[in-house]
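Working notes, beginning with the structure itself.
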Amino acid sequence: MSWRSFEHALDRWFPAGTNPLRHLGALACLALALLLTTGAWLFAVYDSSVAGAHPSVSALAAQPLAGGLVRGLHRYAGDALLIFVWLHLLREWALGRHRLFRRATWWTGLPLLPFLYIVAIGGFWLAWDRLAQYAAIASAQWLDTLPLVGGGFARQFDLEVPDRLFSLLLFVHTGVALLVVFALWFHLQRLARPALWPPRALALGTLGVLLALALLWPVRSGPPAELGSAPLIASFDWWLLHLLPLADATPTLAWLAVVAMLALLALAPLWPRAPAASAAVVDAENCNGCGRCVDDCPYVAVSLVTRTGGDALAVVDADLCAACGLCAGACPSATPFRSNTRLISGIDLPGSTVDALRLRLRAQLAARPAAVVVYACERGAGPSTDVAGVDCVWLPLACVGQLPPAFVDYALRQGATGVVVAACEACEFRLGERYARERLAGLREPRLRARVPTQRWRIVRAAEGEERQLTEVIDGLRRARG
Ligand code: HEM
Ligand code: SF4
Ligand code: SF4
-11 MSWRSFEHAL DRWFPAGTNP LRHLGALACL ALALLLTTGA WLFAVYDSSV
39 AGAHPSVSAL AAQPLAGGLV RGLHRYAGDA LLIFVWLHLL REWALGRHRL
89 FRRATWWTGL PLLPFLYIVA IGGFWLAWDR LAQYAAIASA QWLDTLPLVG
139 GGFARQFDLE VPDRLFSLLL FVHTGVALLV VFALWFHLQR LARPALWPPR
189 ALALGTLGVL LALALLWPVR SGPPAELGSA PLIASFDWWL LHLLPLADAT
239 PTLAWLAVVA MLALLALAPL WPRAPAASAA VVDAENCNGC GRCVDDCPYV
289 AVSLVTRTGG DALAVVDADL CAACGLCAGA CPSATPFRSN TRLISGIDLP
339 GSTVDALRLR LRAQLAARPA AVVVYACERG AGPSTDVAGV DCVWLPLACV
389 GQLPPAFVDY ALRQGATGVV VAACEACEFR LGERYARERL AGLREPRLRA
439 RVPTQRWRIV RAAEGEERQL TEVIDGLRRA RG
């Protein structure tokens, strides 16, 4: 079973649009926000002395809401964050979203992994109970096996630890947590309008689950650490501490495993080599410098420069371009009503131009004059046998966001019975379906003219294999026309 079909199968179990697998980056942001807010609260009550560390944390249990609940939320949000991040990584890899123009986003995501482990393991030290003692000694011994550390770190725990160690640990825990926020900002630099927040129902559901966990299974400290005696571990957090038992048993193998994993992940975008689709190209004569393509590019691949004479001109960075065509859909010069024999727009995809789209539309409508025109994302439902019997003109696009909305109006004026804009199930280019909907609804430039009758066109989502549902929409438009 491919990841896509697994995700599709899971859609049935959640209310529309709330399948968590489709919002893993945003869920990780939510967990991180929760960690930072509960962490700020815990920071305020933490006593960073050897004598005060354990009592200040274990005393939280005495205040079930202001203390215990906050501590529980902090721990479970940490578990959730690591789970969301690993699933997010797995999903992007399984969908092939780690290569080409997404390489930089993948590579800048990688440092987040070690940072998160450092914050997580360091957090356990601060409670200074027997589990903290185990975490501290196991990780110190593991660090000691590194050639440059020199083997003195674990000796700190032979008999007594100095007060300043806890101040240092607190500094590392909070400092690296802030580094995670900075690294996240870096990670999202190549994405326009990243989805930082899950849909409201999913966010509330996730918060509800974390609250329930914190209330039903409160996080409690074990007995205080006793250096010189063997650590007792009553409950172990496998989600956050899974590296330590391996590091404890075979430190060298644990280092090799970590380095090999990071190296494999770092090299993943380079293999197998995938050919890049041709990047969007600007035609200087047809660009008026309006900047709509800059606003709508989901991968920050277009910018404006000043040309001689002072006017603005769009330029594309081909290395960043996803060849999604959203810029072509945004360009005001891409209207098919222009009388030129050749429709050259300000910005366009060389392999799939608006001119070619207009020519195909005209030719196919000439052959089937009253057909319904379907502008379809090439990743969604295809012209299968289900659709073959239906009188429609099928025009595939890189993404529905590639369609200048005037093409809907134009098809109707050329005699089409109706127009369907068919998006795939989850936009490959993140913002294509959203922009197409907004442009057709008149909420975003370029807008579909308000006088185009709404009963003559539809925008729908149809995954591969959902051709029958699409056929029903096409038939519906035909029946409405009589
Ligand atoms: C704290 C950890 C992380 C957080 C909070 C996070 C968050 C996000 C968010 C919010 C997005 C934008 C999603 C969208 O707008 O559709 C994103 C995209 C992405 N992330 Fe992460 N991420 C994290 C770690 C990682 C890691 C470890 C990797 C892989 C090494 C990774 C790989 C990617 C990729 C490839 C994309 C681009 C997806 C696309 O272009 O469609 N992320 N991430
Ligand atoms: S949308 Fe078209 S006209 Fe506007 S800046 Fe981009 S290429 Fe130029
Ligand atoms: S095709 Fe256009 S919108 Fe898409 S990434 Fe390239 S420049 Fe940006």
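Residue numbers (my numbering): -11 to 470. Beta carbons are placed, not taken as given, at the ideal position from N, Cα and C, and that holds for glycine.
> Are three or more beta carbon pairs between the region 152 to 172 and the region 107 to 117 nearer than 8 angstroms?
Replying inline: yes
> Any heavy atom of ligand 1 closer than 7 angstroms to the CB of Thr93?
Replying inline: On the sequence shown, position 105 is the one that residue 93 refers to. Yes.
> In the DSSP assignment, what residue or residues form a beta bridge with Ile447?
Replying inline: Residue numbering aside, residue 447 sits at position 459 when the sequence shown is read from its first letter. In DSSP, Ile447 forms a bridge with Val409.
>> Between the alpha carbons of Ser46 and Tyr34, how many angstroms are there, rounded?
In response: Translated into the one-based positions of the sequence shown, residue 46 becomes position 58. Translated into the one-based positions of the sequence shown, residue 34 becomes position 46. Using only the alpha carbons, I get a separation of about 10 angstroms.
> Counting Cβ pairs, one atom from each stretch, are 3 or more of them under 8 angstroms apart for the region 402 to 413 and the region 305 to 312?
Replying inline: no
> Can you find at least 3 beta carbon pairs, one from the region 161 to 179 and one from the region 84 to 101, that sit closer than 8 angstroms?
Replying inline: These segments touch.
> What are the residues that DSSP puts in a beta bridge with Val293?
Replying inline: Residue mapping note: residue 293 aligns to position 305 of the sequence shown, counting from 1. DSSP lists Leu301 as partners of Val293.
> When we look at the beta-carbon of Ala429 and count the other beta-carbons within 10 Å, is it buried (16 or more) or exposed?
Replying inline: By 1-based counting over the sequence shown, the position of residue 429 is 441. So Ala429 ends up on the exposed side.
>> Quick check for students: name the residue ranges of the alpha helix (DSSP H) that lie wholly in the region 330 to 412, counting only runs of 4 or more.
In response: Runs of the alpha helix (DSSP H) inside the region 330 to 412: 342 to 355, 373 to 376, 394 to 401.
> Assuming Leu337 and Ser266 make a contact with CB atoms under 8 angstroms, what is their CB distance in whole Å?
Replying inline: Position 349 of the sequence shown holds residue 337. Position 278 of the sequence shown holds residue 266. The Cβ separation is near 7 angstroms, so the contact holds.
> Does DSSP put Pro212 in a helix, a strand or coil?
Replying inline: Here residue 212 corresponds to residue number 224 of the sequence shown, with the count starting at 1. In the structure shown, Pro212 sits in a strand (DSSP, three-state: E or B).
> Taking Cβ positions, are Glu413 and Ala468 nearer each other than 8 angstroms?
Replying inline: What you label residue 413 is simply residue 425 of the sequence shown in a count that begins at 1. What you label residue 468 is simply residue 480 of the sequence shown in a count that begins at 1. A distance of 8 angstroms or more separates the beta carbons of Glu413 and Ala468.
> Would the beta-carbon of Leu83 be found less than 7 angstroms away from any heavy atom of ligand 3?
Replying inline: Taking the first residue of the sequence shown as position 1, residue 83 is located at position 95. Flag unset: Cβ of Leu83 not near ligand 3.
>> Among Tyr398, Ala424, Ala202, whose alpha-carbon lies nearest the alpha-carbon of Ala68?
In response: Position 80 of the sequence shown, counted from the start, is the residue given in the question as residue 68. Of Tyr398, Ala424, Ala202, the residue nearest in Cα terms is Ala202.
>> Quick test of the definition: if touching needs 3 or more C-beta pairs under 8 angstroms, does the region 249 to 257 touch the region 312 to 332?
In response: no
> So Cys319 packs on Gly339, CB below 8 angstroms; how close in whole Å?
Replying inline: Residue mapping note: residue 319 aligns to position 331 of the sequence shown, counting from 1. Residue mapping note: residue 339 aligns to position 351 of the sequence shown, counting from 1. The pair is not a contact, with the Cβ atoms about 17 angstroms apart (cut-off 8 angstroms).
> For Asp117, which of helix, strand or coil comes out of DSSP?
Replying inline: For the purposes of this step, residue 117 is taken as residue 129 along the sequence shown, with counting starting at 1. If DSSP states are grouped into helix, strand and coil, Asp117 belongs with the strands.
>> Determine whether the beta carbon atoms of Ala19 and Ala65 lie at a separation below 8 angstroms.
In response: Residue mapping note: residue 19 aligns to position 31 of the sequence shown, counting from 1. Residue mapping note: residue 65 aligns to position 77 of the sequence shown, counting from 1. Yes, the Cβ-Cβ distance between Ala19 and Ala65 is below 8 angstroms.
>> I believe Val207 touches Gly60 by the beta-carbon criterion, under 8 angstroms. Please report the beta-carbon distance rounded to the nearest angstrom.
In response: The residue you call residue 207 lines up with position 219 of the sequence shown. The residue you call residue 60 lines up with position 72 of the sequence shown. Confirmed, Cβ separation roughly 5 angstroms.
>> Taking 8 angstroms as the threshold (C-beta atoms), are Val360 and Ile462 in contact?
In response: Stepping through the sequence shown from its first residue, residue 462 is reached at position 474. Stepping through the sequence shown from its first residue, residue 360 is reached at position 372. Yes, the pair counts as a contact, with Cβ atoms nearer than the cut-off.
> Apart from the five residues just before and just after Leu349, which ones in its own chain have a Cβ nearer than 8 angstroms to its Cβ?
Replying inline: On the sequence shown, position 361 is the one that residue 349 refers to. Here the set comprises Pro324, Val361, Val381, Leu383, Phe395, Tyr398, Ala399, Gln402.
> Can you list, in chain order, the residues of its chain whose CB lies under 8 angstroms from that of Gly55, leaving out five sequence neighbours each side?
Replying inline: Taking the sequence shown and counting its residues from 1, the one referred to as residue 55 is at position 67. So the list reads Val33, Ala47, Leu48, Ala49, once near-sequence residues are dropped.
> Could you give the C-beta distance for Ala180 and Tyr105, rounded to a whole number, given that I count them as a contact under 8 angstroms?
Replying inline: Numbered from 1 along the sequence shown, position 192 holds the residue referred to as residue 180. Numbered from 1 along the sequence shown, position 117 holds the residue referred to as residue 105. At roughly 30 angstroms, the Cβ-Cβ gap does not stay under 8 angstroms, so Ala180 and Tyr105 are not in contact.
> Comparing the CB of Gly97 with every heavy atom of ligand 1, is any distance shorter than 7 angstroms?
Replying inline: Position 109 of the sequence shown, counted from the first residue, corresponds to residue 97. Result yes, Cβ under 7 angstroms from ligand 1.
>> Using 8 angstroms as the cut-off, can you tell me whether the region 232 to 252 makes contact with the region 119 to 128, which would need three or more C-beta pairs spanning the two stretches below that distance?
In response: The region 232 to 252 is in contact with the region 119 to 128.
> Hey, which unbroken runs of the alpha helix (DSSP H) at 4 residues or more fall wholly within the region 203 to 290?
Replying inline: 226 to 229, 231 to 237, 239 to 255, 280 to 284
> Among Thr329, Thr296, Cys281, Arg330, which has the Cα closest to the Cα of Ala311?
Replying inline: Here the question's residue 311 lines up with position 323 in the sequence shown. Nearest of Thr329, Thr296, Cys281, Arg330 to Ala311, Cα basis: Cys281.
> From this set, Ile332, Gly313, Thr405, which residue's C-alpha is nearest Arg356's C-alpha?
Replying inline: Here the question's residue 356 lines up with position 368 in the sequence shown. Closest option to Arg356, Cα to Cα, is Thr405.
> Does any heavy atom of ligand 1 sit closer than 7 angstroms to the C-beta of Gly471?
Replying inline: Here the chain covers residues -11 to 470 and nothing more, so residue 471 does not appear.
> So is Val169 buried or exposed if we call it buried at 16+ other beta carbons inside 10 Å?
Replying inline: What you label residue 169 is simply residue 181 of the sequence shown in a count that begins at 1. Exposed.
>> Tell me the rounded alpha-carbon separation between Glu426 and Pro187.
In response: Reading the sequence shown from its first residue, position 438 is the one you call residue 426. Reading the sequence shown from its first residue, position 199 is the one you call residue 187. About 18 angstroms.
> Going by the C-beta, is Arg280 closer than 7 angstroms to any heavy atom of ligand 2?
Replying inline: Taking the sequence shown and counting its residues from 1, the one referred to as residue 280 is at position 292. Within the cutoff, so yes.
>> Which residue marks the beginning of the alpha helix (DSSP H) containing Val169, and which one marks its end?
In response: Within the sequence shown, numbered from 1, the residue matching residue 169 stands at position 181. Residues 151 to 175.
> Taking 7 angstroms as the line, does the beta carbon of Pro338 fall inside it for any heavy atom of ligand 3?
Replying inline: In the sequence shown, the residue the question calls residue 338 occupies position 350. For ligand 3, not one heavy atom lies less than 7 angstroms from the Cβ of Pro338.
>> Alpha carbons only, please: which of Ala386, Val269, Trp185, Ala41 is nearest the one belonging to Glu416?
In response: For the purposes of this step, residue 416 is taken as residue 428 along the sequence shown, with counting starting at 1. Closest by alpha carbon: Ala386.
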